[in-house]
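The sequence shown begins at 5 in the working numbering and counts up by one. We put the beta carbon where it would ideally sit given N, CA and C, even for glycine.
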Amino acid sequence: KPLYPTSVYATSKRDQEETVINVGRAYSIPAVALRYFNTYGPRQALSNPYTGVAAIFSSRIINGHNPVIFEDGLQGRDFTHVSDVVQANILAMEKEEANYEVFNVGTGKMTNLLEMVEILIEN
């Protein structure tokens, strides 16, 4: 399915995927592009603003503050545990059928931000 990026950032990501796949094919080097969705897990840097909303919420909870949720909190995200990302990487390396393909790495399940906060507080 063709991608029609709506930002410069998205365009650069698409172009990088295409470059990796095209160079791989041109030189017969197995290549796979993986798209990760909202990865979270142990040892995640809580102070880095680029680690995502789960880290930001976790940091606030650990420091005794309520997470700041904008709008109604029903915005959904596909939160993917790092162990699932590891499994996707292993499969991409081991399966020849993956060569020259692009894969979305996620659970396929949307979790809204209110649910995420509840899970983080419980754990």
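(message) If contact is defined by three or more beta carbon pairs under 8 Å, each pair taking one atom from either stretch, is the segment 79–92 in contact with the segment 13–32?
(response) no
(message) Between which residues of its own chain and A59 is the CB-CB distance below 6 Å, once the five residues before and five after are set aside?
(response) What you label residue 59 is simply residue 55 of the sequence shown in a count that begins at 1. Cβ within range, chain order: Q48, L50.
(request) Using three-state DSSP, classify S37 as helix, strand or coil. (result) By 1-based counting over the sequence shown, the position of residue 37 is 33. First, the amino acid is wrong: residue 37 is Ala here, not Ser. Strand.
(message) Any contact between the segment 64–78 and the segment 107–120? By contact I mean 3 or more CB pairs, one from each, below 8 Å.
(response) yes
(request) Give the DSSP-derived three-state secondary structure of F83 in the structure shown. (result) On the sequence shown, residue 83 is found 79 positions in, with the first residue counted as 1. In this structure, F83 counts as coil in the three-state DSSP scheme.
(request) Look up T111 in the DSSP assignment and say whether it is helix, strand or coil. (result) Here residue 111 refers to the residue found at position 107 when the sequence shown is read from its first residue. Note: T111 maps to coil in three-state DSSP.
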